[in-house]
Amino acid sequence: MNKALLLSLLLVISSFTLIPFPSSSKASSVVIKVFAPAVSRTEKGLVGVITEIDIRLEAPGQGDVFFSVNTLTEIDMQASARVAALVASEISGKKFTSYNYYVKVISEAPIIGGPSAGALMTVGMVAAMNNWSLNPKVMMTGMINPDGTIGPVGGIFEKAEAAHEFGIRLFLIPCGQSIVQRVHMVYEKVGPIVIERQRVESINITEYALKNWNMTIREVADIREAVYYFTGHKLPLPSPMANLTTPPFIQEVLREMYMNLLSSVQSLCEEVKGMRIQDAYIKGLIGKLLEESESKLNLAREYAEERSYYVAASLAFQSVYTVQYAAYLGKYASSGELVLDDIISRVNASITSAKELVARVTPRSLVSLELLIGAKLRLESALDEFNKVVSSRGRWSIEDTLWGLAYAKWRAETARSWASLASRLPQGDIIDFNVLIMIAKDYLYEAQTITIYASQITSEVGTSNELISEATASVARSKRALSEKDPVLSLAEALNAIVYSCTAMNLLSAVNQKVIRKQVEISKKLALAYLTESLSYNVTPILAFCYLEFANFSYECGDLAQALLEYKDSIAYARIICLIYRTVHEIPPPTTGEALSNTNEGQTPTPSSKNRNVGRDELLGFILSILNNPRVILAFITGLTIGIIIGVLRRKGAQKSSLTGYYPYSYIR
Numbered sequence: 004m005n006k007a008l009l010l011s012l013l014l015v016i017s018s019f020t021l022i023p024f025p026s027s028s029k030a031s032s033v034v035i036k037v038f039a040p041a042v043s044r045t046e047k048g049l050v051g052v053i054t055e056i057d058i059r060l061e062a063p064g065q066g067d068v069f070f071s072v073n074t075l076t077e078i079d080m081q082a083s084a085r086v087a088a089l090v091a092s093e094i095s096g097k098k099f100t101s102y103n104y105y106v107k108v109i110s111e112a113p114i115i116g117g118p119s120a121g122a123l124m125t126v127g128m129v130a131a132m133n134n135w136s137l138n139p140k141v142m143m144t145g146m147i148n149p150d151g152t153i154g155p156v157g158g159i160f161e162k163a164e165a166a167h168e169f170g171i172r173l174f175l176i177p178c179g180q181s182i183v184q185r186v187h188m189v190y191e192k193v194g195p196i197v198i199e200r201q202r203v204e205s206i207n208i209t210e211y212a213l214k215n216w217n218m219t220i221r222e223v224a225d226i227r228e229a230v231y232y233f234t235g236h237k238l239p240l241p242s243p244m245a246n247l248t249t250p251p252f253i254q255e256v257l258r259e260m261y262m263n264l265l266s267s268v269q270s271l272c273e274e275v276k277g278m279r280i281q282d283a284y285i286k287g288l289i290g291k292l293l294e295e296s297e298s299k300l301n302l303a304r305e306y307a308e309e310r311s312y313y314v315a316a317s318l319a320f321q322s323v324y325t326v327q328y329a330a331y332l333g334k335y336a337s338s339g340e341l342v343l344d345d346i347i348s349r350v351n352a353s354i355t356s357a358k359e360l361v362a363r364v365t366p367r368s369l370v371s372l373e374l375l376i377g378a379k380l381r382l383e384s385a386l387d388e389f390n391k392v393v394s395s396r397g398r399w400s401i402e403d404t405l406w407g408l409a410y411a412k413w414r415a416e417t418a419r420s421w422a423s424l425a426s427r428l429p430q431g432d433i434i435d436f437n438v439l440i441m442i443a444k445d446y447l448y449e450a451q452t453i454t455i456y457a458s459q460i461t462s463e464v465g466t467s468n469e470l471i472s473e474a475t476a477s478v479a480r481s482k483r484a485l486s487e488k489d490p491v492l493s494l495a496e497a498l499n500a501i502v503y504s505c506t507a508m509n510l511l512s513a514v515n516q517k518v519i520r521k522q523v524e525i526s527k528k529l530a531l532a533y534l535t536e537s538l539s540y541n542v543t544p545i546l547a548f549c550y551l552e553f554a555n556f557s558y559e560c561g562d563l564a565q566a567l568l569e570y571k572d573s574i575a576y577a578r579i580i581c582l583i584y585r586t587v588h589e590i591p592p593p594t595t596g597e598a599l600s601n602t603n604e605g606q607t608p609t610p611s612s613k614n615r616n617v618g619r620d621e622l623l624g625f626i627l628s629i630l631n632n633p634r635v636i637l638a639f640i641t642g643l644t645i646g647i648i649i650g651v652l653r654r655k656g657a658q659k660s661s662l663t664g665y666y667p668y669s670y671i672r
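Numbered as in our numbering, the sequence shown ends at 672 without a single skipped number.
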């Protein structure tokens, strides 16, 4: 190598050494820029605009999400950023509290519809966490749901048009939203007057975009699909085991529960049938309740024969509190108001007994912890119903009062059953209390964020949602439990809030049956994936399998909403088992598997990222980090300039002393 070139490089390198590079132990940050289509209101009506969103992730962090905007936007855009951060960390297998998240929205016009950039922000954060580049020819619109599914948005035609004008080749939209409403103005001249009217027409935006703009539009249902189209990378998801069914030992446990409930139903039915009721109304009502109870019990027997014992036990539970309600009505009809105090006292005693049993259980394994979570939730449900009955006495009808007492009694009995099973399981190491506190705090934060977000979205739509109300109440109970140093109950209520909020968001997003069926399928696959992961740790989550069984039953019955809720329960319980196991054993999430959906339909989203070499990516990342540092660039230019000057001077010296006129081209080309 020419000496001048060598000297130049040495100067450049020496200039680098003057700059302190951050070591791996210090804070580092990754910045990524995305462009989101939005809708703005102008004098001419609604138009599509392109909004710049700068995303910066800093590590180490504390899980703080910072949001800033230079224009008017809706408050739910900030909530979208928080949910995007939670989802991105979850699907990337990263710890949410390992980062701080900075989101800056730059737009020249006020933005309508804050949540519509949520999915894109999630993609950007996933890319930043994994140091992946984004295909600049891909853009998307869609709300991010807390479970990673993509919710519906408005203004798709205007956004697609803006994306086309921006040079986008592939535009992603939420599942089920290919048929959109296009508003355009029609001018009609009547004499000297021109009348302006709005005309709304339905068009297939996928066909329209391909024909008029040569732009491809695809529907996506889950954020993993969107990440693939933007980056070419498939996020890992464990492949479900083939023919994953409820393990035999769980079936035996559930069979025992079913048989106990069956015995209770039969005993109560005999008691009710032996009553002599004079009141015609009460007698008729009891007759209907017995028929309903018998119908539930017959169905339970059918599923028990098929060894679907959780479904059978659930139906038997419905049967037993129905016939218990009938028994209470019969007693009230015979003895009047005097018997009510005795019923309340007996139900209170049942709840107190169950509470004492639950309090004595110490989780010595992950499965016993899971069962204890289920027991505490059921006990809280019993207490809540009982307290409502007592506080509303005299204001509720006697029918409502007695029904509430019957439900509270048997809900407490199911809490007793799960707690008893938890104490009977093989014992292992006691789970560290501090670990439970830490995880409960993380889940409470997630539950609060998701519930507030879901509440904002549903209120904007103008609908009241019972699931959101339940989620809000669960968040309040989770806070109270944590303050009372009960991390298991806090975790249980936080799980409840997350399941209710996610289900509410999915149902809100269900623009048609096709969409909700797709969401059910996604949730089922996620449940199977988490169950597979837990089994790989030699842990068999009993309740997660139970909820999976009941979800399959609801799906077969055509009750898609109930199936969705139960699949999400299965996800929640299996997921918490996996998370605690990884935390205790300090192992990372699984890094192999297949994408959630087959998204490569003959298309390579990011050709440059296909079959990438990891070492090359790291080198590229290092070079980009250097180029993003102004001091490094200044040092480089300074060193290079000095090197060139010295080289030129040496070149002139060489020319003067050379008899042959040799000109050293090599180092200046």
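For each residue, glycine too, the CB sits at the ideal point set by N, CA and C.
Look at Ala-62 here: in three-state DSSP terms it is strand. Pairing Ala-513 with Tyr-570 gives a Cβ-Cβ distance that is not under 7 angstroms. When secondary structure is reduced to three states using DSSP, Lys-286 falls in the helix class. Our two residues, Tyr-104 and Pro-118, have alpha carbons roughly 17 angstroms apart in a direct line. Every alpha helix (DSSP H) of 4 residues or more that sits fully in the stretch 496-548 is shown, in chain order, as 516-539. Here His-588 is exposed: its Cβ has fewer than 16 other Cβ atoms, across all protein chains shown, within 10 Å. Scanning its chain for C-beta atoms nearer than 6 angstroms, with the 5 sequence neighbours on each side dropped, one finds around Lys-334 the residues Val-342, in chain order.
Its Cα nearest to that of Thr-325, the residue Ser-298 stands out among Ile-455, Asp-344, Ser-298 and Leu-511.
For Tyr-105, the beta-bridge partners assigned by DSSP are Arg-59 and Phe-69. By the C-beta density criterion, Asp-572 is buried, having at least 16 other C-beta atoms within 10 angstroms. Shown here for Arg-480: same chain residues with a beta carbon closer than 6 angstroms to its own, the five before and five after excluded, namely Glu-496 in chain order. The beta carbon of Glu-93 sits closer than 8 angstroms to those of Phe-99 and Gly-151, all from its chain and outside the five residues before and after it, given in chain order. The beta carbon of Ile-53 is closer than 7 angstroms to those of Phe-38, Pro-40, Ala-165 and Phe-169 in its chain, skipping five residues each way along the sequence.
Under the 10 Å beta carbon count, Ala-229 is surrounded by 16 or more other beta carbons and is classified as buried. Scanning its chain for C-beta atoms nearer than 7 angstroms, with the 5 sequence neighbours on each side dropped, one finds around Ser-32 the residues Arg-59, Leu-60 and Glu-61, in chain order. For Met-80, the closest alpha carbon among the candidates Lys-379, Ala-457, Cys-560 and Tyr-410 is that of Ala-457. Glu-210 and Glu-559 have their alpha carbons spaced roughly 35 angstroms apart.
Partner residues in the beta bridge of Asn-207, as assigned by DSSP, are Ile-182.
Between Ala-425 and Leu-375, the C-beta gap is smaller than 7 angstroms, which places the two residues in contact. Beta-bridge partners assigned by DSSP to Thr-219: Leu-173. Below 8 angstroms, too few C-beta pairs join the stretch 518-536 and the stretch 481-488 to call them touching: fewer than three. Taking 4 residues as the shortest admissible run, the stretch 112-168 contains the following complete alpha helix (DSSP H) segments, listed from N- to C-terminal end: 121-133 and 159-168.
The count of Cβ pairs closer than 8 angstroms, one atom from the stretch 571-585 and one from the stretch 489-506, reaches three, so the stretches are in contact. The Cβ atoms of Ala-91 and Met-128 lie closer than 7 angstroms to each other.
Gly-287 and Gln-281 have their alpha carbons spaced roughly 10 angstroms apart. Cβ-Cβ distances below 7 angstroms link Lys-391 to Gly-407 in the same chain, with the five nearest sequence neighbours on each side left out; the list follows chain order. Counting other Cβ atoms within 10 Å of its Cβ, Val-478 reaches 16 or more and is therefore classed as buried.
Remark: C-beta atoms of Ile-147 and Val-106 do not approach each other more closely than 7 angstroms.
Within the same chain, and ignoring the five residues on either side of Phe-69 in sequence, the residues whose Cβ sits closer than 8 angstroms to its Cβ are Asn-103, Tyr-104, Tyr-105 and Val-106.
Leu-247 sits in coil when the DSSP states are folded into three classes, being neither helix nor strand. Across the set Asn-138, Pro-243, Ala-330 and Asp-57, the C-alpha of Ala-330 shows the shortest separation from the C-alpha of Gly-277. CA-CA distance, Met-441 to Leu-360, rounds to 25 angstroms.
In terms of Cα proximity to Lys-140, the closest of Asn-351, Leu-498, Ile-171 and Leu-568 is Ile-171.
In this structure, Gly-145 lies near Ala-122, with their beta-carbon atoms less than 7 angstroms apart.
By the C-beta criterion, the stretch 345-365 is judged to be in contact with the stretch 403-420, since at least 3 inter-stretch pairs fall below 8 angstroms. Excluding residues up to 5 positions away in sequence, Ser-296, Leu-300, Ala-319, Ser-322, Val-323 and Val-326 lie with their Cβ nearer than 8 angstroms to the Cβ of Val-268 in the same chain.
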